[in-house]
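As you go down the protein sequences, you meet chains E and G in turn. The letter at position 54 of the first sequence is residue 79 when you use my numbering, and the numbering goes up by one with no holes. The letter at position 141 of the second sequence is residue 166 when you use my numbering, and the numbering goes up by one with no holes. Think of the CB as a built atom: it goes at the ideal place given N, C-alpha and C, for glycine as much as any other residue. No experiment lies behind these values; they were computed from the predicted model shown.
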Amino acid sequence: MIAIIDYGMGNVTSVSNAFAYLGFETVLTHEPHVLDSCPALVLPGVGAFGSAVEELQHKGLFDYLNQRRKKDSFLLGICLGLQLLFDRSEEDPHSRGLTYFSDTLKRFSPGLKVPHMGWNRVYAGNDPLFEGIPRGSHFYFAHSFYAPPAVREECLLASCKYGVDFAAAVKLGNAYGVQFHPEKSGEIGLRMLLNFGRMVENAAYTGH
Amino acid sequence: MLARRIVPCLDVKEGRVVKGVKFVDLKDAGDPVELADFYNKEGADELVFLDITASHEQRETMVEVARRTAREVFIPFTVGGGIGTIDQIRNILKAGADKISLNTAAVENTDLIREGARIFGSQCIVIAIDARWNEQMEDWEVYTHGGRKGTGISALTWAARVESFGAGEILLTSMDADGGRDGYDIPLTRAISEKVSIPVIASGGAGKMEDFSRVLTEGKADAALAASVFHYRHFSIREVKEYLQQQGVEVRL
Numbered sequence: 026m027i028a029i030i031d032y033g034m035g036n037v038t039s040v041s042n043a044f045a046y047l048g049f050e051t052v053l054t055h056e057p058h059v060l061d062s063c064p065a066l067v068l069p070g071v072g073a074f075g076s077a078v079e080e081l082q083h084k085g086l087f088d089y090l091n092q093r094r095k096k097d098s099f100l101l102g103i104c105l106g107l108q109l110l111f112d113r114s115e116e117d118p119h120s121r122g123l124t125y126f127s128d129t130l131k132r133f134s135p136g137l138k139v140p141h142m143g144w145n146r147v148y149a150g151n152d153p154l155f156e157g158i159p160r161g162s163h164f165y166f167a168h169s170f171y172a173p174p175a176v177r178e179e180c181l182l183a184s185c186k187y188g189v190d191f192a193a194a195v196k197l198g199n200a201y202g203v204q205f206h207p208e209k210s211g212e213i214g215l216r217m218l219l220n221f222g223r224m225v226e227n228a229a230y231t232g233h
Numbered sequence: 026m027l028a029r030r031i032v033p034c035l036d037v038k039e040g041r042v043v044k045g046v047k048f049v050d051l052k053d054a055g056d057p058v059e060l061a062d063f064y065n066k067e068g069a070d071e072l073v074f075l076d077i078t079a080s081h082e083q084r085e086t087m088v089e090v091a092r093r094t095a096r097e098v099f100i101p102f103t104v105g106g107g108i109g110t111i112d113q114i115r116n117i118l119k120a121g122a123d124k125i126s127l128n129t130a131a132v133e134n135t136d137l138i139r140e141g142a143r144i145f146g147s148q149c150i151v152i153a154i155d156a157r158w159n160e161q162m163e164d165w166e167v168y169t170h171g172g173r174k175g176t177g178i179s180a181l182t183w184a185a186r187v188e189s190f191g192a193g194e195i196l197l198t199s200m201d202a203d204g205g206r207d208g209y210d211i212p213l214t215r216a217i218s219e220k221v222s223i224p225v226i227a228s229g230g231a232g233k234m235e236d237f238s239r240v241l242t243e244g245k246a247d248a249a250l251a252a253s254v255f256h257y258r259h260f261s262i263r264e265v266k267e268y269l270q271q272q273g274v275e276v277r278l
């Protein structure tokens, strides 16, 4: 069972629809005891960094996620969910994220159309999350702030270019973050979610 | 590089696609979900559903269309037409739509743009602008109520304002070009696109494949929307995208 973390930030319907389409069971919840029973968590989200941090704290999820991190469970942050794995964002300089990565998210520079909205090419390294997905495949993005590619080298999983190079996917242990929306990226996106679901299943099977 | 988007638009009335769609290979070409899936498989980058249902009571049908689409089609889609309250926006987004578009209601109540962007994020708030050249104004004028009512507002001024209110995208329809199949309105599209720093979807006038390439290059549009050329199978979405690629326009193929 994959838990989709429900903390009131944006559209979770599409994420659960995509997993359901692929045949994975999901539960939408913010209850710690339900989250505890799931080997994998998905942290979705659209909206502002600061409000998301507040909502997570308000629901006790911020502390929960910090605790859960010690177990190195599978986690997939999508869009704002990736951004929350970072320390800070120029969007709300006073809020602190989950700080898997110490970098600060930046706003795309003036002169570019913002939000960065639409399909862009993603160049991923070798990782089970991107198995079967050709380098340079298009994924769907909708965001105004980006993670710099200066993330610790071993953690930068995929990059993308929009005026600047930025991190399209990051990884630390079993925690993944993707800036694009796999649930809205057609066949390629579904493949990525399938890869994630299989990783979780395989780990459960081998008693990970 | 960010790809330019090709966006088919489906007019939906009481849950059914209208405007003579010619699809022999679909079981039910009147079903918006089946048609959405067809366009998805053909390479559409995004979809727009325009609800032209007249009565208020029938509006729930569009929420149901959004819900069914989101279960089967995994590309972004926008729902527009007759949306006028935060609750309506919430219902459509909750059903699984990625964006909603506001037209008349945004002109009449700009707080709806601000509130919508604050609650749901700018990326879900599309402002649809219907514009027509006005000789006296020497400017493009914004029309509301499905193009029936002139507002006296300059489209350029309005575009800049909706951006400042937090709109994430502009869906720009040229009423002069719409229905003519003589090409998109390049001067209008370019003027708006240069005025704002949010993405602009050009609409109205698509007839030939060259029209797409012109509006995406000279017109500086980020995306091009069309309805009848796709519905009547003048060419397929894939053909347009292959053509664009040959012309050096970045597309997702």
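- Closer than 8 Å to the CB of Gly-193 (chain G) there is at least one CB belonging to chain E.
- Rounded to whole angstroms, the Cβ separation of Pro-69 (chain E) and Ile-103 (chain E) is 5 Å, and the two are in contact under 8 Å.
- In the displayed model, Arg-146 (chain E) falls within a strand according to three-state DSSP.
- For Asn-65 (chain G), the chain E residues whose Cβ falls inside 8 Å of its Cβ are Gly-211, in order along the chain.
- Using a CB distance cut-off of 8 Å, Asp-123 (chain G) counts as an interface residue toward chain E.
- Measuring C-alpha to C-alpha distances from Ser-238 (chain G) to each of G:Leu-196, G:Tyr-209 and G:Asp-70 identifies G:Tyr-209 as the nearest.
- The criterion of a C-beta distance shorter than 8 Å is not satisfied by Ser-222 (chain G) and Ala-156 (chain G).
- Chain G has a Cβ within less than 8 Å of the Cβ of Ser-39 (chain E).
- The C-alpha of Val-71 (chain E) lies about 28 Å from the C-alpha of Ile-77 (chain G).
- Interface residue (Cβ-Cβ distance to chain G less than 8 Å): Lys-84 (chain E) is not classified as such.
- For Tyr-46 (chain E), the closest alpha carbon among the candidates G:Val-98, G:Gly-55, G:Glu-85 and G:Leu-250 is that of G:Val-98.
- Contacts with chain G (Cβ-Cβ distance below 7 Å) from the region 160 to 182 of chain E involve His-163, Tyr-165 and Ala-167, listed in chain order.
- With a cutoff of 8 Å on beta-carbon distance, Ala-91 (chain G) and Ile-108 (chain G) are scored as not near each other.
- Straight across, the Cα-Cα distance linking Ser-261 (chain G) with Phe-145 (chain G) is about 34 Å.
- Here Ile-154 (chain G) carries a strand assignment [DSSP, helix/strand/coil].
- Within the region 55 to 74 of chain E, the residues whose Cβ lies closer than 7 Å to some Cβ of chain G are Val-71 and Gly-72, listed in chain order.
- When secondary structure is reduced to three states using DSSP, Arg-41 (chain G) falls in the strand class.
- Asp-56 (chain G) and Val-32 (chain G) have their C-alpha atoms spaced approximately 18 Å apart.
- Taking C-beta atoms as the reference points, Glu-179 (chain E) and Asn-220 (chain E) fail to come closer than 8 Å.
- Looking at E:Ser-169, E:Trp-144 and E:Ser-162, the one whose alpha-carbon comes closest to that of Pro-135 (chain E) is E:Ser-169.
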